[in-house]
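Student:
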Amino acid sequence: MLLERLEIQSNRVVMKMEVTHMEHPSLIGKGGKLIKKVMEATGCHIHFPDANKINKLEKKNQVSIYGDPTNVERARVMIRVSTFFP
1 MLLERLEIQS NRVVMKMEVT HMEHPSLIGK GGKLIKKVME ATGCHIHFPD ANKINKLEKK
61 NQVSIYGDPT NVERARVMIR VSTFFP
């Protein structure tokens with residue numbers, strides 16, 4: 001059982017991508033509605049830095065996508081397309 005879990009986890013990757021912090025709210029959507037759709041469609045977990053915990057002068061642009069390599073790429077494309085066509 002543990003070995004199966006390790007094999008499944010070994011097929012997961014984390015992609016870190018730069019998305020300007022000014023676009024984070026429009027990608028996340030009200031109540032997380034938009035980013036939840038991307039996560040449901042791809043099966044990936046997508047993490048945005050918590051703007052409330054970061055120094056107001058120092059905003060983070062890095063978004064992390066965690067999941068199966070193929071689906072991580074799908075999520076990346078969906079996020080990139082969203083930044084060009086809100």
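Each residue of the sequence shown is one higher than the one before, counting from 1 in full-length UniProt numbering.
Each residue gets a CB set at the ideal place from its N, CA and C atoms; glycine is no exception.
1. At what residues does the alpha helix (DSSP H) containing Lys33 begin and finish?
2. Look at the alpha carbon of Glu23 and the alpha carbon of Thr70, and state the distance between them as a whole number of angstroms.
3. Between Val81 and Met17, which are expected to be in contact by the criterion C-beta below 8 angstroms, what is the C-beta distance as a whole number of angstroms?
4. Can you grab the Cα-Cα spacing for the pair Asn61 / Phe48, in whole Å?
5. Assuming Val72 and Met15 are in contact, meaning their beta carbons sit under 8 angstroms apart, how far apart are those beta carbons, in whole angstroms?
6. Whole angstroms are fine: how far does the CA of Ser10 sit from the CA of Lys33?
7. What does a CB cutoff of less than 6 angstroms around Val38 pick up in its chain, not counting 5 residues either side in sequence?
Tutor: In short, the structure shows the following:
1. Per DSSP, Lys33 belongs to the alpha helix (DSSP H) from Lys33 to Thr42.
2. 24 angstroms
3. That belief does not hold up - the Cβ atoms of Val81 and Met17 are roughly 13 angstroms apart, past 8 angstroms.
4. 8 angstroms
5. 5 angstroms
6. 29 angstroms
7. Ala75 and Met78
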